[in-house]
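*Asks:*
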Amino acid sequence: MQRFSAKSTRQWLLTDEFLGRLPPFEYIPPPYTGPSADVILNQRKEFLSSYTSCLYKKPLNIVDGKMQYLFDESGRRYLDAFAGIAVVNCGHCHPDVVKPVIDQIKRLQHPTTLYLNHAIADFSEALASKLPGDLKVVFFTNSGTEANELALMMAKLYTGYQDIVSIRNGYHGNAAGTMGATGQSMWKFNVVQTGTHHALNPDPYRCVWF
Numbered sequence: 001m002q003r004f005s006a007k008s009t010r011q012w013l014l015t016d017e018f019l020g021r022l023p024p025f026e027y028i029p030p031p032y033t034g035p036s037a038d039v040i041l042n043q044r045k046e047f048l049s050s051y052t053s054c055l056y057k058k059p060l061n062i063v064d065g066k067m068q069y070l071f072d073e074s075g076r077r078y079l080d081a082f083a084g085i086a087v088v089n090c091g092h093c094h095p096d097v098v099k100p101v102i103d104q105i106k107r108l109q110h111p112t113t114l115y116l117n118h119a120i121a122d123f124s125e126a127l128a129s130k131l132p133g134d135l136k137v138v139f140f141t142n143s144g145t146e147a148n149e150l151a152l153m154m155a156k157l158y159t160g161y162q163d164i165v166s167i168r169n170g171y172h173g174n175a176a177g178t179m180g181a182t183g184q185s186m187w188k189f190n191v192v193q194t195g196t197h198h199a200l201n202p203d204p205y206r207c208v209w210f
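So for the sequence shown, the UniProt record's numbering puts the first residue at 1; every next one is plus one.
(1) From glycine 170 to isoleucine 102, what does the alpha carbon distance come to, in whole angstroms?
(2) Could you tell me whether the segment 168-183 touches the segment 138-151, using the rule of 3 or more Cβ pairs below 8 Å?
(3) I need the straight-line Cα distance from asparagine 201 to arginine 168, nearest angstrom please.
(4) Just the Cα atoms here: how many angstroms apart are glycine 133 and alanine 126?
(5) For glutamine 68, collect the residues of the same chain with a Cβ closer than 7 Å to its Cβ; drop the 5 residues on either side in sequence, then sort them by chain order.
(6) Where are the beta strand (DSSP E) runs, 3 residues long or more, that stay fully inside the segment 11-66, in chain order?
(7) Could you say which of Asn61, Glu26, Pro30 lies nearest to glutamine 43 if we only look at CA atoms?
(8) To test your reading of the DSSP string, which unbroken beta strand (DSSP E) runs of 3 or more residues are found completely within the segment 94-178?
(9) Tell me whether alanine 81 sits in a helix, a strand or coil according to DSSP, three-state version.
(10) Please say whether glycine 183 and glutamine 162 have beta carbons closer to each other than 7 Å?
(11) Relative to the C-alpha of isoleucine 28, which candidate in Phe47, Cys54, Val63 has its C-alpha closest?
(12) Under 7 Å, do arginine 76 and leucine 22 count as touching if we go by C-beta distance?
(13) What separation, rounded to the nearest whole angstrom, lies between the Cα atoms of lysine 136 and alanine 155?
(14) Have a look at the DSSP bridge pairing and note the partners of tyrosine 69.
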């Protein structure tokens with residue numbers, strides 16, 4: 001019987017033989033001439049908050065993206081199976097997204113909402129037309145954290161109640177309110193947050209009640 005070391009097994013698990021080959025793709029990224037992964041990692045350790053972690057011992061240096069694929073510094077292609085943490089729903093650098101962004105930023109960037117501009121009004125109307133029932137008003141935010149903070153505030157103002165129920169192991173953001181609602185210790189500090197109650201996820205495979 002042939003024996004394999006842990007190192008050789010890990011190396012084999014990363015080969016095309018095990019992972020399978022990606023289908024042909026016409027896009028080839030230009031050669032990368034920027035800093036290496038090691039240099040970037042050292043920069044992050046020195047200048048970025050440790051809260052912005054990579055979760056990997058040797059994180060990939062992603063330098064290019066096209067539709068459903070990402071490319072590292074060596075040009076190797078990867079299938080982005082979670083769409084940039086679910087925020088790149090149309091794919092990376094989709095031409096139908098890139099062109100209007102370039103056209104707009106060449107013309108005007110941000111005049112503040114104190115003045116009129118058709119872009120935000122048009123987008124509000126288009127988005128509201130997709131909403132069900134009486135949901136016809138939108139409120140734009142910059143991030144998921146802000147969206148969840150706004151949702152919590154509106155719910156408390158509307159109902160008059162201050163308590164909320166959140167699911168254990170859920171992540172909702174890193175501001176004061178959303179961090180209190182988050183049920184994962186690795187994503188929160190000891191923020192004083194009253195009125196937050198964490199309930200078990202009703203998962204029939206893992207919940208203690210099933």
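Cβ coordinates follow ideal geometry from the N, Cα and C atoms, glycine included.
*Replies:* With the structure as the only source:
(1) 36 Å
(2) yes
(3) 6 Å
(4) 15 Å
(5) Leu79, Asp80, Gly91
(6) 62-66
(7) Asn61
(8) 164-167
(9) coil
(10) no
(11) Val63
(12) no
(13) 17 Å
(14) Lys66, Leu79
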